[in-house]
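The working numbering puts the last residue of the sequence shown at 1104; the count rises by one with no breaks.
Here is the structure we will look at, set down as structure tokens.
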Amino acid sequence: MQAIVYTKYGPPDVLQLKEVEKPAPKDNEILIKVYATTVNRTDCALRKAVPFVSRFFTGLIRPKKTIPGTEFAGEIEAVGKDVTSFKVGDKVFGFNGIGFGAHAEFMIMPEEGFITTMPANITYEEAAPSTEGAHYAHSMIRNANIQSGQSVLINGATGAIGSAAVQLVKYFGADVTAVCNTRNVALVKSLGADRVIDYTKEDFTKDEQMYDAVFDAVGKSSFSRCKPLLKPRGIYISSDLGYMAQNIFLALVTPIFGNKKVMFPIPLHRDENITLFKKLIEAGKFKGVIDRCYPLEEIIEACKYVETGQKTGNVVITVEHNNKT
């Protein structure tokens, strides 16, 4: 099969399209014929091994997992003998933030992994970008215990995490103020934002409104800048470690000192999360926002675009199959 392979950390050019051995599922695994995947911030950070501490999990000198890719949508090609939840021919989508491998014609997933059958009302290209951003956004919402009637500001409301956060926060009944640029104002309103701040025209950190939570979905602000926006007992959550990993330290000390705190959520892969995403997609209450689509062989260009920091939503990779696979 064809797959994207990298054997050293570095820029997008370390990625190579190669012919590799097609994997075979173990007793509790399924083999997925991938039709769509994505390039996201997670993929790019792992490829670059940034921050450096990530190497203790992905490989100190070189990557342990040589086929990248976390999100996927495809069809089950084969199942292990102990698999009972899926069958050959099922259309599935999911997120593999531990094993990776989605940037290939075929990939393996454990039956109990972050995977479920696809909603009937979307395509592979629409299903693939519906998990990674939503997974991290939902972790923020769950850790902050967002409830109906609260107010939430989302900075970076048009990224994969931010666009998912807008939709999920609205689902949980909170009021959403979204921060984005001029060209995406209509988009975030269509996702459910009650109010939009155009950061090209005004500094959102000087907003006079107060919030129960501020989600920095792009990691470009800080607790110190956003603290004045928070109500007493308000919560700041960022998708980034912050300058010199300060958000980890602040998450430890702010609950002790002061009445506003930083949370640094550790996202857990819970089966009920993807079940929720599927339910919302089927109900027309959630969608993965798509910026561009690239074929697998143009993944270097896709990565370079993602790393400009200018993408809106998600960048999808389509996977074509020939008769030999």
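Even for Gly, the Cβ is constructed at its ideal location relative to N, Cα and C.
Taking a 10 Å sphere around the C-beta of ALA965, we find fewer than 16 other C-beta atoms and assign the residue as exposed. With a beta-carbon spacing of about 3 angstroms, VAL1068 and GLY1092 fall inside the 8 angstroms limit used to define contacts. Cα atoms of PRO1044 and MET897: separation of roughly 27 angstroms, rounded to the nearest angstrom. PRO1074 is the residue among TYR1084, GLN1089 and PRO1074 whose C-alpha sits nearest the C-alpha of HIS882. Rounded to the nearest whole angstrom, the C-alpha separation of PHE836 and LYS1090 is 27 angstroms. By the criterion of at least three beta-carbon pairs nearer than 8 angstroms, the segment 916-923 is not in contact with the segment 848-867. Listed in chain order, the beta strand (DSSP E) elements of length 3 or more contained wholly in the segment 971-1007 are 974-977 and 990-995.
Leaving aside the five residues that flank LEU1020 on each side, the residues in its chain whose CB is nearer than 6 angstroms to its CB run, in chain order, ASN1026.
In this structure, the straight-line span from the alpha carbon of VAL1095 to that of ASP1070 is close to 8 angstroms.
Under the rule that a run must span 3 or more residues, the beta strand (DSSP E) segments found entirely inside the segment 833-903 read 850-858, 870-874, 885-889 and 894-896. Around the beta carbon of LYS843, fewer than 16 other beta carbons lie within 10 angstroms, which makes this residue exposed. Under the DSSP assignment, VAL964 falls in the alpha helix (DSSP H) whose first and last residues are 964-969. Per DSSP, ASP822 is one residue of the alpha helix (DSSP H) stretching across 820-827. Per DSSP, reduced to three states, the secondary structure at MET919 is helical. In this structure, DSSP gives ILE1035 a state outside helix and strand, which the three-state scheme calls coil.
Distance between ARG962 and ILE976, taken at the CA atoms: about 12 angstroms.
The DSSP-derived three-state label of LEU794 is coil. Per DSSP, ILE925 lies in no beta strand (DSSP E) segment and is marked neither H nor E. Counting only residues of its own chain and dropping the five nearest sequence neighbours on each side, GLY1013 has a CB closer than 7 angstroms to the CB of TYR990, ASP991, ALA992 and LYS1039.
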